[in-house]
Amino acid sequence: MRPVDLARQHGVSTQAVRNYEDAGIIPPAHRSRTGYRDYGPGSSPLKSPCG
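Residue numbers (this note's numbering): 242 to 292.
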């Protein structure tokens, strides 16, 4: 899952996703060969703003 998709799913910005990763709140994303972050499905401990 791309950071933008993870951000939309949880109602936060993509910068917030990167900050959460840097702070250790979420586990580091796997990186593609080209260096893009790729979060696995269901691997985020972020809570939805609705619940």
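The C-beta atom is built at its ideal place from N, Cα and C for all residues, glycine as well.
Per-residue DSSP class, three states only, for Arg249: As a first step, residue 249 must be located in the sequence shown, where it is residue number 8. It is helical.
Enclosing alpha helix (DSSP H) for Thr255 [first to last residue]: As a position in the sequence shown, residue 255 is number 14, starting the count at 1. Unbroken alpha helix (DSSP H) run through Thr255: Thr255 to Ala264.
Which residues DSSP lists as bridging Arg272, in chain order: Here the question's residue 272 lines up with position 31 in the sequence shown. Arg272 is bridged to Arg278.
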